[in-house]
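J.:
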Amino acid sequence: MANTSVYRLSSNTQAIAVTTASSTAVTVTPFTNDQINYASFLNVGSAACAISVSNTGTVPAAVFPSGATQGGYVLPPLMETPIVLAIPAASSAAPLGVTAITASGTTSLYVTLVNDQS
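Going by the working numbering, 43 is the number at position 35 of the sequence shown; the sequence numbering is gapless.
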């Protein structure tokens, strides 16, 4: 028997052009009245990128981990399938904020809020 997770789209997709400087915070607002606990991330460029997320209105600058410096969650380059991560609860009153950075080069990141369909 197959084990399938079904996600319901809960926002429009937001594109972020990512460079070696942390991006300006991008807000992803749900279009449902539900509390959203997941987001889909797709990095289609040739550079890995690190992300920082928050639902407080203030998103920390993304930092790419290096040496003893801790950083954000790292997404691999050239992703063919998005990864779904648990996020701080997002709602229309507290939308998700995202910043992103690369260690070198540029990349394109796509973020969509999703919710468990169960």
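Idealized CB from N, CA, C, for every residue including glycine.
What's the C-alpha gap between A23 and G75?
T.: The sequence position of residue 23 within the sequence shown is 15, counting from 1. The sequence position of residue 75 within the sequence shown is 67, counting from 1. Distance between the alpha carbons of A23 and G75 is about 29 Å.
J.: Taking C-beta to C-beta, are S18 and L121 nearer than 7 Å?
T.: Indexing the sequence shown from 1 puts residue 18 at position 10. Indexing the sequence shown from 1 puts residue 121 at position 113. Taking 7 Å as the Cβ cut-off, S18 and L121 qualify as a contacting pair.
J.: Alpha carbon to alpha carbon, how far is N41 from S100?
T.: In the sequence shown, residue 41 corresponds to position 33, counting from 1. In the sequence shown, residue 100 corresponds to position 92, counting from 1. Distance between the alpha carbons of N41 and S100 is about 7 Å.
J.: Have a look at I44 and P103 and give me their C-alpha separation to the nearest angstrom.
T.: Taking the sequence shown and counting its residues from 1, the one referred to as residue 44 is at position 36. Taking the sequence shown and counting its residues from 1, the one referred to as residue 103 is at position 95. Going from the Cα of I44 to the Cα of P103 covers about 9 Å.
J.: Measure from the alpha carbon of V119 to the alpha carbon of each residue in G113, S112, Q125, A94, then state which is nearest.
T.: Here residue 119 refers to the residue found at position 111 of the sequence shown. For the residues G113, S112, Q125, A94, the minimum Cα distance to V119 belongs to A94.
J.: Could you tell me the distance, in whole angstroms, from the CA atom of T64 to the CA atom of E88?
T.: As a first step, residue 64 is located in the sequence shown; it is residue number 56 there, counting from the start. As a first step, residue 88 is located in the sequence shown; it is residue number 80 there, counting from the start. C-alpha separation (whole angstroms): 30 Å.
J.: Who are the Cβ neighbours of A58 in its own chain at under 6 Å, not counting the five residues just before and after it?
T.: On the sequence shown, position 50 is the one that residue 58 refers to. Excluding residues within five positions, the ones whose Cβ falls inside 6 Å are A70, F72, G79, G80, V82, I109.
J.: Sorted by chain position, which residues of the same chain lie with C-beta nearer than 6 Å to S62's C-beta, five sequence neighbours on each side aside?
T.: For the purposes of this step, residue 62 is taken as the residue at position 54 of the sequence shown. For S62, where only same-chain residues beyond five positions count, the Cβ hits under 6 Å are G105.
J.: Quick check on the burial criterion: 16 or more other C-beta atoms within 10 angstroms. Buried or exposed for T32?
T.: Here residue 32 is taken as the residue at index 24 of the sequence shown, counted from 1. That one is exposed.
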